[in-house]
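Undergrad: Residue numbers (the UniProt record's numbering): 1 to 318.
Even glycine gets a Cβ: it sits at the ideal position worked out from N, Cα and C.
Let me begin by handing over the structure; questions about it come next.
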Amino acid sequence: MEFLACDNIEFKSREYFYNLIPKQFPHIKKTYFRHWYNTLFTSSHSPYHNGYDIIANEKDSIIIHGKFHYGDFRKDLEDEWISIFMYNFNLPNPNWVYITRILTDNDGQIFHHFTKDKTLKNGLYLFKFIVEGDRTSADMYIRILSEKEDYVIFDIDGTLTISDNELIKESFYEFLDVHYKPKAYKDAYKVVNYYKDKGYNILYLTARPSWLISNTLNWLKENGFPFGILHTNETGIPSTYADIYKSMYLKTIISKGANINYLYGNALTDISAYKSINISHDKIFIVGEHGGKSGTNPIYNYTDHLCNLISLSQNSFL
Ligand SMILES: [Mg+2]
């Protein structure tokens, strides 16, 4: 049998996650916070802002949603101006377009409803939210589906990171002002890039709460993972019922036109959620102690798994 040197495979999209960030962002005039206490607080605390990625279709009513907070306790930024810009990747010569400015509410949130005359067509859009007072920002991606589009789903904790404890360690150390970076499984990023290069869309579907969006995006970027839509748990459903949250979301995006090809996870709740969408069990890959349960495919390590994927795809062309 021919030996495949999988370790040496190069992926076009390895840097893709943030190379997707387009042309230089327009210069924004420096302004001031409306409230002196926000000036004081933000000057001494790190920003943790969220944009909430969306998968939708052309008939959907689109609501832009951001949340802005600072510091380890994620104090909300209340009653301050946020500027919204849009970048439409689907135009031949895209550019940044100013949309509007909105004041944050009592929870540090903004909502902007895209009215019917401004519906978004099929494709990928990036919204950038700029806090006018200090020019910190958050990004939000919207993927509008028209026909069926292919997706591969990845859980994050214990699936791409080496255990669920990595997230707990990161949060704990953050309070001590120590930077702990969750460890990724060796070559996990290559497997995600493999699918990206094959033309699949990636969805990172995690039961992490939304206040961890900025940490999660940084972690994906620093560990070589490709661009994908990120969906965190905003439902209030506790993580012990992550299967319900994940199942509901998967069924929602299927109804909008997502065609789910493969799913990766590590927990029994992942198996339960993934089986609920009536996909063949051999399309479900489970890392760790639950691998192989309920007819799923176990992953012992991502290096061998990648070799298998490449080998299978090469054979399918023979
Ligand atoms: Mg997990």
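I'd like to confirm something about I299: is its beta-carbon nearer than 8 Å to some heavy atom of ligand 1, or not?
TA: By one-based count along the sequence shown, residue 299 stands at place 299. No, the Cβ of I299 stays beyond 8 Å of every heavy atom of ligand 1.
Undergrad: Ligand 1 and I271: does the residue's C-beta get closer than 8 Å to at least one heavy atom of that ligand?
TA: For the purposes of this step, residue 271 is taken as residue 271 along the sequence shown, with counting starting at 1. It does not: the Cβ of I271 is nowhere closer than 8 Å to a heavy atom of ligand 1.
Undergrad: Inspect the beta-carbon positions of D270 and I286 and report whether they are closer than 9 Å.
TA: For the purposes of this step, residue 270 is taken as residue 270 along the sequence shown, with counting starting at 1. For the purposes of this step, residue 286 is taken as residue 286 along the sequence shown, with counting starting at 1. For D270 and I286, yes; Cβs fall inside 9 Å.
Undergrad: What residue range is occupied by the uninterrupted beta strand (DSSP E) comprising W219?
TA: Along the sequence shown, one-based indexing puts residue 219 at 219. Here W219 belongs to no beta strand (DSSP E); instead the alpha helix (DSSP H) covers I213 to E222.
Undergrad: Alpha carbon to alpha carbon, how far is residue 358 from N297?
TA: Nothing about residue 358 can be read from this structure; the chain reaches only from 1 to 318.
Undergrad: So for L4, helix, strand or coil by DSSP?
TA: As a working note, residue 4 is residue 4 in the sequence shown. Bear in mind that a pLDDT of 48 at L4, under 50, signals an unreliable position, so the model cannot answer this.
Undergrad: For the segment 60-139, list the beta strand (DSSP E) runs that are entirely contained and at least 3 residues long, ordered along the chain.
TA: Qualifying beta strand (DSSP E) stretches, in chain order: 63-70, 81-88, 96-103, 109-113 and 123-131.
Undergrad: Let me check you understand the geometry: is the CB of N266 closer than 8 Å to at least one non-hydrogen atom of ligand 1?
TA: On the sequence shown, position 266 is the one that residue 266 refers to. Answer for N266: yes, Cβ within range of ligand 1.
Undergrad: Could you name the residues of the same chain whose beta carbon sits closer than 6 Å to that of T235, not counting the 5 residues immediately before and after it, in chain order?
TA: For this step, residue 235 is matched to residue 235 along the sequence shown. Y245, listed in sequence order.
Undergrad: For F154, which residues does DSSP report across the bridge?
TA: Numbered from its first residue, the sequence shown carries residue 154 at position 154. According to DSSP, which records beta bridges pairwise, F154 is partnered with Y204 and Y264.
Undergrad: On the DSSP bridge list, what partners appear for T161?
TA: Along the sequence shown, one-based indexing puts residue 161 at 161. Note: T161 sits in a beta bridge opposite A184.
Undergrad: Can you tell me whether P182 is buried or exposed, with buried defined as 16 or more other CB within 10 angstroms of its CB?
TA: Within the sequence shown, numbered from 1, the residue matching residue 182 stands at position 182. Answer is buried; the Cβ neighbour count reaches 16.
Undergrad: Residues in its own chain within less than 7 Å of V192 by CB, not counting five upstream and five downstream?
TA: Here the question's residue 192 lines up with position 192 in the sequence shown. Once the five neighbours on either side are set aside, the close Cβ partners of V192 are F154, I202, F225 and P226.
Undergrad: Among the candidates T39, S146, F89 and Y87, whose CA atom is the shortest distance from the CA of I253?
TA: Counting from 1 along the sequence shown, the entry for residue 253 is found at position 253. Answer by Cα proximity: S146.
Undergrad: From what residue to what residue does the beta strand (DSSP E) around N278 run?
TA: Numbered from 1 along the sequence shown, position 278 holds the residue referred to as residue 278. No beta strand (DSSP E) holds N278; DSSP gives it neither H nor E.
Undergrad: In angstroms, rounded to a whole number, what distance separates the CA positions of E166 and W219?
TA: As a working note, residue 166 is residue 166 in the sequence shown. As a working note, residue 219 is residue 219 in the sequence shown. Cα to Cα, the separation comes out at about 12 Å.
Undergrad: Answer with buried or exposed for F168, where buried requires no fewer than 16 other C-beta atoms within 10 angstroms of its C-beta.
TA: The residue given as residue 168 occupies position 168 in the sequence shown. First, the amino acid is wrong: residue 168 is Ile here, not Phe. Exposed.
Undergrad: Among E222, A207 and S276, which one has its Cα closest to the Cα of Y180?
TA: In the sequence shown, residue 180 corresponds to position 180, counting from 1. Of the listed residues, the one whose Cα sits closest to Y180 is E222.
Undergrad: Quick one: residues in its chain with C-beta nearer than 8 Å to the C-beta of K256, no 5 flanking neighbours on either side, listed in chain order?
TA: For the purposes of this step, residue 256 is taken as the residue at position 256 of the sequence shown. Cβ within range, chain order: I55, A56, N57, D60 and L145.
Undergrad: Work out the CA separation of Y274 and A267 for me, nearest whole Å.
TA: Taking the sequence shown and counting its residues from 1, the one referred to as residue 267 is at position 267. Taking the sequence shown and counting its residues from 1, the one referred to as residue 274 is at position 274. If you take the alpha carbons of A267 and Y274, they lie about 11 Å apart.
Undergrad: If you compare alpha carbons, which of L124, I64, S163 and F89 is closest to M115?
TA: Position 115 of the sequence shown holds residue 115. The sequence given here has Thr at residue 115, not Met. Cα-wise, what sits closest to T115 is I64.
Undergrad: Can E78 and H113 be called in contact, C-beta distance under 9 Å?
TA: As a working note, residue 78 is residue 78 in the sequence shown. As a working note, residue 113 is residue 113 in the sequence shown. No; because the gap between Cβ atoms is not below 9 Å, this pair is not in contact.
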